[in-house]
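Take a look at the structure set out below.
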Amino acid sequence: MRRWLAEAALPWSPASCRRIWARARAEGASPEDILERLDRAERTTLSRDRQARRLPNALSLNDTPARLRR
1 MRRWLAEAAL PWSPASCRRI WARARAEGAS PEDILERLDR AERTTLSRDR
51 QARRLPNALS LNDTPARLRR
């Protein structure tokens, strides 16, 4: 898990990773499966972050009152 944290694209907290690890181990997951679960969690978070960054720009014109749009 230390290597995964060191190579992660996001600054994950050790507590977050430990929580994912402990939950997965309790479910019987292997260490390899847990690392894949961490990868999926990171991909999901990155995807959500990218969408959130695009969303305000897409809504900015729609949120502007019509009388101000010219």
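The numbers in the sequence shown follow the UniProt record's numbering, run straight up by one, and end at 70.
Glycine included, C-beta positions come from ideal geometry on N, C-alpha and C.
Compute the beta-carbon to beta-carbon distance between residue i and residue j, rounded to the nearest angstrom, for a pair I have assumed lies under 8 Å.
i     : j     : result
Trp4  : Leu46 : Not a contact, Cβ separation roughly 15 Å.
Glu42 : Leu10 : 6 Å
Short of 8 Å in beta carbon distance, which residues of its chain neighbour residue i, apart from the five on each side in sequence? Order them along the chain.
i     : result
Cys17 : Met1, Trp4, Leu5, Leu38
Arg25 : Ile34
Pro14 : Leu5
Asp19 : For clarity, residue 19 is Arg in the given sequence; the question names Asp instead. Excluding positions up to five away in sequence, the list is empty.
For residue i, which of helix, strand or coil comes out of DSSP?
i     : result
Pro11 : coil
Ala29 : coil
For residue i, I'd like the list of residues in its chain whose CB is within less than 7 Å of its CB, leaving aside the five on either flank, ordered along the chain.
i     : result
Trp12 : Leu5
Trp21 : Met1, Ile34
By how many angstroms is the C-alpha of residue j removed from the C-alpha of residue i?
i     : j     : result
Thr44 : Arg23 : 18 Å
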